[in-house]
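Since the structure comes first, as structure tokens, the remarks are kept for the end.
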Amino acid sequence: MTLAPETKTPRSPGNTVALLQRVAETGRTPVGFVLNGQALIALAGDTVLTAVLTHTAQLRRSEFSGEPRAGFCMMGACQDCWITTESGQRLRACGTFIEEGMRLVTGAEGHE
């Protein structure tokens, strides 16, 4: 993994387009997590939603339409931010803080 020099944003290999870009960060500890089998870095205090969307453009796919989803209300009311751990546990990404070693799957691009 490399840091984008212009923003110091952790970027996934393959230069995946991220939905969110970090503007300025100081003094937060890096937190390692795994997304769809790929080791990535978030920052302490990030929600799962922020951690995922700084590396990719979608959080999951709708179970009804198959369309990409990326959260909506950001406060847990719409329930559009559900994400699954590798063990099958569902988390509300907008209200769950990222933890070291978390293993997440998005259901995107064949990951389910």
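Under the working numbering, the letters of the sequence shown match residues 14 to 125, in that order.
Built from N, CA and C at the ideal position, the CB exists for glycine as well.
Since this is a predicted model, take the numbers as computed values, not measurements.
Which residues in the same chain as residue i place their Cβ atom closer than 8 Å to its Cβ, once the five residues preceding and following it in sequence are excluded?
i: residue 65; result: 48, 72, 96, 106, 117 and 119
Under the DSSP definition of a beta bridge, which residues are partnered with residue i?
i: residue 104; result: 96
i: residue 85; result: Residue 85 pairs with nothing; no bridge assigned.
i: residue 110; result: 60
i: residue 45; result: 54
Helix, strand or coil for residue i per DSSP?
i: residue 119; result: coil
i: residue 69; result: coil
i: residue 33; result: coil
i: residue 55; result: strand
i: residue 77; result: coil
Less than 7 Å between C-beta atoms, sequence neighbours within five positions excluded: which residues of the same chain meet that for residue i?
i: residue 84; result: 62, 72, 93, 94, 106 and 107
By the 10 Å Cβ neighbour count, where 16 or more other Cβ atoms means buried, how is residue i classified, buried or exposed?
i: residue 42; result: exposed
i: residue 36; result: exposed
i: residue 25; result: Caution is warranted here: a pLDDT of 45 is assigned to residue 25, below 50, making its placement in the model unreliable, and the coordinate value is therefore given only provisionally. Buried is the call here.
i: residue 77; result: exposed
i: residue 115; result: buried
Take residue i and list the residues in its own chain whose beta-carbon comes closer than 6 Å to its own, dropping the five residues that flank it on each side.
i: residue 103; result: 95 and 97
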